[in-house]
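For any residue, its number in the numbering used here is found by taking its place in the sequence shown, counting from 1, and adding 1351.
C-beta atoms are modelled at their ideal positions from N, C-alpha and C, and glycine is treated no differently.
As structure tokens, the structure follows; a few thoughts come after it.
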Amino acid sequence: MERFMEQVVFKYLRAEPEDHYFLMTEPPLNTPENREYLAEIMFESFNVPGLYIAVQAVLALAASWTSRQVGERTLTGIVIDSGDGVTHVIPVAEGYVIGSCIKHIPIAGRDITYFIQQLLREREVGIPPEQSLETAKAIKEKYCYICPDIVKEFAKYDVDPRKWIKQYTGINAINQKKFVIDVGYERFLGPEIFFHPEFANPDFMESISDVVDEVIQNCPIDVRRPLYKNVVLSGGSTMFRDFGRRLQRDLKRVVDARLRLSEELSGGRIKRFATGAPSRLVVQTYGPGDTATAASQSSWSYLPAVAFCVVLLRHGAQ
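Listed below in structure tokens is the structure:
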């Protein structure tokens, strides 16, 4: 770890650590031992004047302030952080992470790449075997998107394939010859595993919208409303076009179905509460790209999530 930090500070940041305060991010549920070890390295080896360790989800919520009015800025919300290896659903309430309610999903960018690679391997024989993973990743980043309805999407491609099928051109690393492949169903089937994970992982059947709803329902009831009200997407694997729109729609369906069931079981006694003043669901995306915001009207409850921040000052910690 120390040698890694040395490379980061001196080779890439090109900074004198004694002259700067440092902000470090950590994944959810990081152990206190890891945090203490990092602080020990920064203070004792690099002699930094101050260190701030923050959970990535809290910083994602803070980043959402850039597109909001001053009065709407909050550190309460639910963050879906999806990178290359794992996806976390993290509830945060007033800047504090509710650690007991965090859930992880074994579906992320790498799984999408592998799934696209498998689809291409079954259909395209012109891809050099040693470049199949690289090709699948390039297709994922360039052509993939989230579709609203997978059945209608299949029909759309079948009716007018020329309009929707794209062509990817690559270069064979060995003989330097070009190869061209058609990219069709893979464009929407790849990211679809977020909402139908059984396509790629038969051991995990819960869609991301169900996981988000479950996480919020596990949180204290007094914070559920703010959580539903502020869903933030963070990480490269959430940057697919229309990801926020699809999540918003599916999450609304899950909650509305539960409200209807509650109404039926109560004999209509809770209808007045289930159909009260509509709340505003906001889904915002933050990652290596543009920011997308989607909002719709719905009637449900919401909650703030909790983020964990540690401030260590060289002299104040003594």
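request  = Using DSSP bridges, identify the partner residues of Glu1481.
outcome  = Bridge partners of Glu1481: none, in fact.
query = Distance, Cα to Cα, Asn1569 vs Leu1610?
reply = Straight-line Cα distance between these residues: approximately 16 Å.
ask   = If you check the beta carbons only, do Ser1415 and Val1583 fall under 7 Å apart?
value = Between Ser1415 and Val1583, the gap from beta carbon to beta carbon is short of 7 Å.
request  = Decide yes or no for the touch test of the region 1527-1540 against the region 1502-1516: beta carbon pairs closer than 8 Å, at least 3 of them.
outcome  = These segments touch.
ask   = Is the Cβ-Cβ distance between Ile1449 and Phe1594 less than 7 Å?
value = Contact check for Ile1449 against Phe1594 fails: the beta carbons are separated by 7 Å or more.
ask   = Leaving out the 5 sequence neighbours to the left and right, which residues in its chain are closer than 8 Å to Pro1499 when beta-carbon positions are compared?
value = Closer than 8 Å at the Cβ level, and outside the excluded window around Pro1499, lie Asp1593, Arg1596, Arg1597 and Arg1600.
message = To the nearest angstrom, how far is the alpha carbon of Ile1501 from that of Ala1390?
response = Going from the Cα of Ile1501 to the Cα of Ala1390 covers about 48 Å.
inquiry  = Which same chain residues end up closer than 7 Å to Ile1478 when comparing Cβ atoms and leaving out the 5 residues on each side of it in sequence?
reply    = If we look at Ile1478 and ignore the five residues flanking it on each side, its Cβ neighbours are Leu1471, Thr1486, Phe1530 and Ile1532.
key: Segments of 3+ residues assigned as beta strand (DSSP E) that fall wholly inside the region 1509-1559   = The qualifying runs are 1517-1522 and 1529-1534.
inquiry  = Since Ile1463 and Pro1542 should fall inside the 8 Å C-beta cutoff, what is the C-beta to C-beta distance between them, to a whole number of angstroms?
reply    = Cβ atoms of Ile1463 and Pro1542 come within 8 Å of each other, at about 6 Å.
ask   = Among the residues of its own chain, which have a CB less than 7 Å from the CB of Val1562, if the five just before and after it don't count?
value = Closer than 7 Å at Cβ, skipping near neighbours: Val1440, Lys1454 and Ile1456.
request  = Quickly, what does DSSP pair Gly1428 with across the bridge? List them, please.
outcome  = In the DSSP assignment, Gly1428 is bridged to Val1443.
task = Tell whether a beta-carbon distance below 7 Å holds between Lys1517 and Tyr1494.
result = Closer than 7 Å, so yes.
request  = Go through its chain and collect everything with a Cβ distance to Ala1413's Cβ below 6 Å, but skip five positions before and after it.
outcome  = Nothing meets the Cβ criterion.
query = Taking the Cβ atom as the reference point for each residue, do Ala1459 and Ser1433 lie within a distance shorter than 7 Å?
reply = Taking 7 Å as the cut-off, the Cβ atoms of Ala1459 and Ser1433 count as close.
message = Is any non-hydrogen atom of the ligand FAD found closer than 6 Å to the C-beta of Gly1587, if you look at the structure I gave you?
response = Absence of the ligand FAD is noted for the structure shown, with no ligands found whatsoever.
request  = Tell me whether Ala1645 sits in a helix, a strand or coil according to DSSP, three-state version.
outcome  = Confidence at Ala1645 is low in this model, with a pLDDT of 33, below 50, so the placement of that residue is unreliable and no value is reported for it.
task = Flag this pair as yes or no: are the beta carbons of Ala1405 and Thr1376 separated by less than 7 Å?
result = Going by C-beta atoms, Ala1405 is nearer than 7 Å to Thr1376.
ask   = Nearest to Gln1469 by alpha carbon, out of Ala1608, Arg1365, Tyr1447 and Phe1550?
value = When C-alpha distances from Gln1469 are compared across Ala1608, Arg1365, Tyr1447 and Phe1550, the shortest belongs to Phe1550.
inquiry  = Do Ile1559 and Tyr1519 have their beta-carbon atoms positioned less than 7 Å apart in this structure?
reply    = For Tyr1519 and Ile1559, no; Cβs fall outside 7 Å.
query = Who are the near neighbours of Tyr1388 in its chain, counting only those whose CB is closer than 8 Å to its CB and skipping five residues on each side?
reply = Closer than 8 Å at the Cβ level, and outside the excluded window around Tyr1388, lie Met1352.
ask   = Can you tell me whether DSSP reads Thr1456 as helix, strand or coil?
value = Checking the sequence, you will find Ile at residue 1456 rather than Thr. Here Ile1456 sits in strand by DSSP.
ask   = Between Leu1364 and Ile1392, what straight-line distance do the alpha-carbon atoms span, to the nearest angstrom?
value = Cα to Cα, the separation comes out at about 17 Å.
query = Closest by CA to Asn1523, which one among Pro1480, Leu1602 and Tyr1447?
reply = The option with the nearest alpha carbon to Asn1523 is Pro1480.
ask   = DSSP three-state call for Val1437: helix, strand or coil?
value = If DSSP states are grouped into helix, strand and coil, Val1437 belongs with coil.
ask   = Which stretch, first to last residue, makes up the beta strand (DSSP E) that contains Gly1401?
value = Residues Gly1401 to Val1406.
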